[in-house]
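In the numbering used here, the protein residues as written are 1 to 429.
Encoded structure:
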């Protein structure tokens with residue numbers, strides 16, 4: 001069987017679905033197809049909610065195939081693109097349930113194949129009782145494996161790892177988090193703010209082992225202990241949360257240009273090295289707004305924005321972008337966390353000398369409760385110029401609107417490339 005479409009989107013995650021819908025809305029006459037081996041899109045942080053309570057999966061909001069079909073987007077659900085001929089503009093697709101193969105011809109393609117969980121290069125990662133945390137099936141498998149009183153080790157102290165630790169703790173497990181770096185949340189906040197989070201985790205009974213990459217996972221028939229610098233951690237369950245890697249096997253087969261981290265290189269219109277192929281989401285690089293340099297940031301918020309631009313361009317526009325700003329918020333136990341733009345570490349890796357400055361913020365006629373003692377805010381600025389390039393917050397104040405207002409103030413400052421000294425509401429401590 002062979003079918004033809006103006007646009008074929010490979011991947012049914014946030015990036016793929018948004019690209020398809022944007023293109024169809026911008027130009028209704030386009031014939032659009034989405035090839036997706038997964039049943040729906042959903043926000044990845046919800047995975048921790050599945051661990052806490054598997055029934056939460058019923059509450060996840062995402063696009064179902066019927067919603068896309070209703071607006072004229074053909075969805076090949078449960079199907080995987082197994083090969084692509086860029087010369088013939090042809091995608092070979094396999095239906096997972098029937099093993100039937102068919103071909104889709106395309107004029108334009110959006111590559112949105114997402115990412116795969118990174119796995120440490122050590123022994124034992126495939127033992128029973130060892131899980132990655134990328135798909136909802138992973139979270140459900142972890143949840144079903146849990147017995148209160150078990151000992152769990154989470155490898156990786158980024159946001160996903162710490163969310164998993166909180167979820168496991170809520171189910172009555174004894175939890176240890178192991179991080180290779182000497183601090184947690186390395187891509188999110190500065191080390192001193194991360195220490196506040198570490199102290200909160202400790203108060204809630206989560207143990208942290210920092211500066212110690214795992215040397216292996218061992219056991220006869222299942223995971224029994226994790227080996228770290230300080231010795232053995234006896235376990236019943238291990239969660240690997242050490243990051244993501246771009247899923248670009250198809251892109252590589254097509255001959256698309258890839259970056260050092262094997263993500264698809266794209267231009268300011270989200271085009272790949274082939275003009276008819278766009279790439280968005282976790283499989284692609286994007287441009288950092290502050291530096292103008294290509295970066296790999298597998299975040300749903302960036303995937304959605306990139307997909308809108310790619311979708312418009314597939315429909316005939318010539319949309320470009322100056323770069324994306326990383327925007328992340330989260331909650332861990334009683335803490336609210338926020339982070340925008342660059343951390344000092346990332347800025348320096350991108351060639352920008354930077355420093356973090358603790359600041360106080362006042363809004364005329366408004367004094368939020370529990371401040372300043374319960375909240376810490378930092379501005380990241382470029383050394384020499386004082387231009388704001390990042391913002392971070394750790395607050396005990398979940399319900400108050402102040403953290404959001406603070407982030408908007410700094411987001412505007414980053415967009416307008418303003419100096420810290422130009423922000424009248426902000427005072428450096």
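Don't be surprised by glycine CBs; every beta carbon is placed ideally from N, CA and C.
Predicted model, so just to flag it, every value in this text is computed and none were measured.
Cα-Cα separation, residue i to residue j
i           : j           : result
residue 423 : residue 359 : 11 Å
residue 88  : residue 118 : 33 Å
residue 254 : residue 35  : 17 Å
residue 122 : residue 131 : 14 Å
residue 233 : residue 227 : 6 Å
residue 98  : residue 243 : 33 Å
residue 284 : residue 125 : 27 Å
residue 30  : residue 83  : 23 Å
residue 260 : residue 406 : 35 Å
residue 66  : residue 276 : 28 Å
residue 181 : residue 212 : 7 Å
residue 3   : residue 103 : 6 Å
residue 105 : residue 86  : 10 Å
residue 136 : residue 50  : 7 Å
residue 250 : residue 265 : 14 Å
residue 328 : residue 140 : 25 Å
residue 156 : residue 47  : 16 Å
residue 201 : residue 396 : 13 Å
residue 315 : residue 271 : 13 Å
residue 425 : residue 412 : 13 Å
residue 433 : residue 421 : Because the chain in this structure spans residues 1 to 429, residue 433 falls outside the shown range and cannot be described.
residue 164 : residue 28  : 42 Å
residue 148 : residue 196 : 28 Å
residue 222 : residue 267 : 46 Å
residue 101 : residue 273 : 28 Å
residue 298 : residue 374 : 31 Å
residue 55  : residue 171 : 14 Å
Sequence-distant residues of the same chain with beta carbon closer than 8 Å to residue i, five excluded per side
i           : result
residue 414 : 289, 290, 325, 340, 341, 388, 389, 390, 391
residue 71  : 21, 24, 25
residue 225 : 217, 218, 219, 232, 233, 234, 235
residue 399 : Because the pLDDT of residue 399 is 49, which lies under 50, any placement of that residue in the model is unreliable, and the number read from its coordinates should be weighed accordingly. If we look at residue 399 and ignore the five residues flanking it on each side, it has no Cβ neighbours.
Beta-carbon proximity check, residue i vs residue j, cutoff 8 Å
i           : j           : result
residue 214 : residue 198 : no
residue 33  : residue 8   : yes
residue 203 : residue 169 : no
residue 332 : residue 166 : yes
residue 381 : residue 355 : yes
residue 330 : residue 159 : yes
residue 146 : residue 173 : yes
residue 344 : residue 361 : no
residue 161 : residue 241 : yes
residue 394 : residue 335 : yes
residue 357 : residue 379 : yes
residue 133 : residue 239 : yes
residue 294 : residue 302 : no
residue 19  : residue 310 : yes
Exposed unless 16 or more other CB atoms sit within 10 angstroms - verdict on residue i
i           : result
residue 53  : exposed
residue 144 : exposed
residue 108 : buried
residue 257 : exposed
residue 138 : buried
residue 15  : buried
residue 308 : buried
residue 129 : buried
residue 112 : buried
residue 279 : buried
residue 179 : buried
residue 385 : exposed
residue 194 : buried
Neighbourhood of residue i by C-beta, 7 Å cutoff - its chain only, sequence neighbours within 5 removed
i           : result
residue 417 : 387
residue 114 : 11, 13, 247, 281, 282, 283
residue 305 : 324
residue 176 : 153, 207, 209, 233
residue 322 : 289
residue 252 : 258
residue 348 : 354
residue 319 : 269, 309, 312, 313
Interface flag, residue i vs chain C, CB-CB below 8 Å
i           : result
residue 392 : No chain C appears in this structure, which consists of one protein chain only.
Any non-hydrogen atom of the ligand COA closer than 7 Å to residue i Cβ
i          : result
residue 29 : Ligands in the displayed structure: none, and consequently the ligand COA is not present.
Cβ shell of residue i (< 6 Å), same chain only, five flanking positions each side left out
i           : result
residue 77  : 36, 65
residue 236 : 150, 151
residue 191 : 183
residue 74  : 33
residue 80  : 37, 94
residue 263 : 246, 284, 285, 296
residue 91  : 8, 81, 84, 104
residue 68  : 75
(Q) Suppose only complete runs of 3+ residues qualify. What are the beta strand (DSSP E) ranges in the region 132 to 171, listed by chain order? (A) Entirely contained in the region 132 to 171, the beta strand (DSSP E) runs reaching 3 residues are, in chain order, 151 to 155.
### Length at least 4, wholly inside the region 400 to 427: the alpha helix (DSSP H) runs in chain order
As far as the region 400 to 427 is concerned, its whole alpha helix (DSSP H) runs of at least 4 residues are 402 to 415.
Contiguous alpha helix (DSSP H) assignments of at least 4 residues, all confined to the region 274 to 331: Those alpha helix (DSSP H) runs which fall completely within the region 274 to 331 and span 4+ residues are 300 to 314.
(Q) Please give the ranges of any alpha helix (DSSP H) in the region 197 to 280, keeping only runs that are unbroken, at least 4 residues long and fully inside the region. (A) Qualifying alpha helix (DSSP H) stretches, in chain order: 249 to 254.
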